[in-house]
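Enquirer: First the structure, then my questions, so here it is.
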DNA sequence: CTCGTTATTGAAAATTATTTTCATTATGAC
DNA sequence: GTCATAATGAAAATAATTTTCAATAACGAG
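Chains as they are written, first to last, in the numbering used here: chain A, 323 to 476; chain B, 323 to 476.
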């Protein structure tokens, strides 16, 4: 249902909104658009440099914030201090994270949440616009060896 | 189903696991136990000081990490850099965040996710141990005035 | 196309949550 | 009580993110 906007469309939207159409912004938007999962700011920066070699990490942060602000992308939270960013459509996929090896799998099936959302809307009066589900567990390979890795804060 | 362990029980579990039973730890565990929602490390520290005036923020962090490690509490993520911690039982409640005023509401009803979890386990081979659902929307009060607040990164 | 205004940028400094280091303290076994 | 050592607190270190500010580039007017 929620159709992701193309790079071009996002840029033209921003232009209409009064923002200047800079190479840096084009680069970041393009990177996000072409990625098929979430990216950390550093990764966005690395990729964006290919299209706009002079772009700085600071501008990446600023552009990401702009895109979040305008609802084109969504911020994703992780256990360590790093955040990730993904196109809005992608962030709707559920997240399955392995506690053992940290691999992350995207799972479809937002449909299953519909009834829950409806119920919550009724009970709380909130209008729900977005959701993010993170499941944590052990993948097949880590199950025989469920060592709890001294999570990245050590 | 998931019954929260009492302060006392957690402490005695830790003792059995070979950890020393210090005043600092007792204080942190007690604070977490008495809170009826999530707390940021700073808040835990402030509360814990009432029971153990000498406790330092560093020890709070260490104790929280210990409790997470052993599965007594769960870390919760926020848009800004601050994390929150809550008893496991609480963290299983779903999270409803208002995009307008940032208020966060805990909602029960993990049951609705059971079928989804089962399906995912079957499809992916993961053993799912925990989950975190964040719903984002607008609360009743913010609905008439859906100004997007320059999210806390400014 | 050129010029001027001004939004945007990059680099470096600043900020802030969290972690590490290490000398000191307090817990628990004897 | 005494002792070995896990645990602590203070300060320094770290790392992601923001802010500052002079330099640059986008784009509307001419």
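Note that the Cβ used here is the ideal one computed from N, Cα and C, for glycine as well.
Going by beta carbon distance, what residues of the same chain come within less than 8 Å of residue 333 (chain A), once the five residues before and after it are set aside?
Expert: If we look at residue 333 (chain A) and ignore the five residues flanking it on each side, its Cβ neighbours are 343, 347, 348 and 351.
Enquirer: The alpha helix (DSSP H) that contains residue 409 (chain B), what's its start and end?
Expert: Premise fails: residue 409 (chain B) lies in the beta strand (DSSP E), 406-409, not in any alpha helix (DSSP H).
Enquirer: Could you have a look at residue 453 (chain B) and say whether DSSP puts it in helix, strand or coil?
Expert: strand
Enquirer: Between which two residues does the beta strand (DSSP E) harbouring residue 354 (chain B) extend?
Expert: Segment 345-356 is the alpha helix (DSSP H) holding residue 354 (chain B); no beta strand (DSSP E) there.
Enquirer: Please report how far the alpha carbon of residue 479 (chain B) lies from the alpha carbon of residue 345 (chain B), in whole angstroms.
Expert: The displayed coordinates of chain B run from 323 to 476. Any statement about residue 479 (chain B) would go beyond what the structure contains.
Enquirer: What is the DSSP secondary structure of residue 384 (chain B), reduced to helix, strand or coil?
Expert: helix
Enquirer: Run down chain B in chain order and give the residues with a C-beta less than 7 Å from the C-beta of residue 379 (chain A).
Expert: Those do not exist, as residue 379 (chain A) stays about 15 Å from chain B at its closest Cβ, beyond 7 Å.
Enquirer: Beta carbon of residue 390 (chain A), beta carbon of residue 397 (chain A): below 8 Å?
Expert: yes
Enquirer: Taking the alpha-carbon positions, what's the residue 464 (chain B) to residue 327 (chain B) distance?
Expert: 37 Å
Enquirer: With 16 other CB atoms within 10 Å as the buried threshold, where does residue 339 (chain A) fall?
Expert: exposed
Enquirer: Starting from residue 332 (chain B), trace the alpha helix (DSSP H) in both directions and tell me its first and last residue.
Expert: 329-338
Enquirer: Quick check: what's the CA-CA separation for residue 476 (chain B) versus residue 446 (chain B)?
Expert: Low confidence applies to residue 476 (chain B): its pLDDT is 21, below 50, so where it sits in the model is not reliable, and the reading given next is rough at best. About 40 Å.
Enquirer: Out of B:439, B:365, B:372 and B:449, point me to the one whose CA is closest to residue 406 (chain B)'s CA.
Expert: The shortest C-alpha to C-alpha distance from residue 406 (chain B) to any of B:439, B:365, B:372 and B:449 is the one to B:365.
Enquirer: Looking at the secondary structure, which residues open and close the alpha helix (DSSP H) in which residue 466 (chain B) lies?
Expert: Run containing residue 466 (chain B): none; DSSP gives neither H nor E here.
Enquirer: Between the Cα of residue 371 (chain B) and those of B:439, B:382 and B:361, spot the shortest distance and give me the residue it belongs to.
Expert: Minimum Cα distance to residue 371 (chain B) is reached at B:382.
Enquirer: Exposed or buried, what is residue 462 (chain A) when buried is set at 16 or more other beta-carbons lying within 10 Å of its beta-carbon?
Expert: exposed
Enquirer: Starting from residue 435 (chain B), follow the alpha helix (DSSP H) in both directions and report where the run begins and ends.
Expert: Counted as a single uninterrupted DSSP element, the stretch harbouring residue 435 (chain B) is not any alpha helix (DSSP H), since DSSP gives it neither H nor E.
Enquirer: Measure the C-alpha to C-alpha separation of residue 361 (chain B) and residue 436 (chain A) and round it to an integer number of angstroms.
Expert: 30 Å
Enquirer: Report, in whole angstroms, the separation of the C-beta atoms of residue 451 (chain A) and residue 380 (chain B), which I expect to be a contact under 8 Å.
Expert: With 8 Å as the limit, residue 451 (chain A) and residue 380 (chain B) do not qualify as a contact, their Cβ atoms being about 39 Å apart.
Enquirer: Using a Cβ-Cβ cut-off of less than 9 Å, give me the residues of the stretch 337-369 of chain A that come near chain B, in sequence order.
Expert: Residues are counted here when their Cβ sits less than 9 Å from a Cβ of chain B; for the stretch 337-369 of chain A the count is zero.
Enquirer: Since residue 449 (chain A) and residue 460 (chain B) should fall inside the 8 Å C-beta cutoff, what is the C-beta to C-beta distance between them, to a whole number of angstroms?
Expert: 5 Å
Enquirer: Taking residue 460 (chain B) as the query, report the chain A residues whose CB atoms sit under 9 Å from its CB, ordered along the chain.
Expert: Simply 448, 449, 450 and 451.
Enquirer: Looking at residue 363 (chain A): is its Cβ nearer than 8 Å to the Cβ of residue 388 (chain A)?
Expert: no
Enquirer: Kindly list the residues whose CB is nearer than 6 Å to the CB of residue 453 (chain A), restricted to its own chain and excluding five residues on each side of it in sequence; keep chain order.
Expert: none
Enquirer: For residue 386 (chain B), would you say it is in contact with chain A, using Cβ-to-Cβ distances shorter than 8 Å as the test?
Expert: no
Enquirer: Should residue 465 (chain B) be flagged as near chain A, meaning a C-beta pair shorter than 8 Å?
Expert: For residue 465 (chain B), the answer is yes, since a Cβ of chain A falls inside 8 Å of its Cβ.
Enquirer: From which residue to which residue does the alpha helix (DSSP H) around residue 363 (chain A) run?
Expert: Residue range 363-373 is occupied by the alpha helix (DSSP H) that includes residue 363 (chain A).
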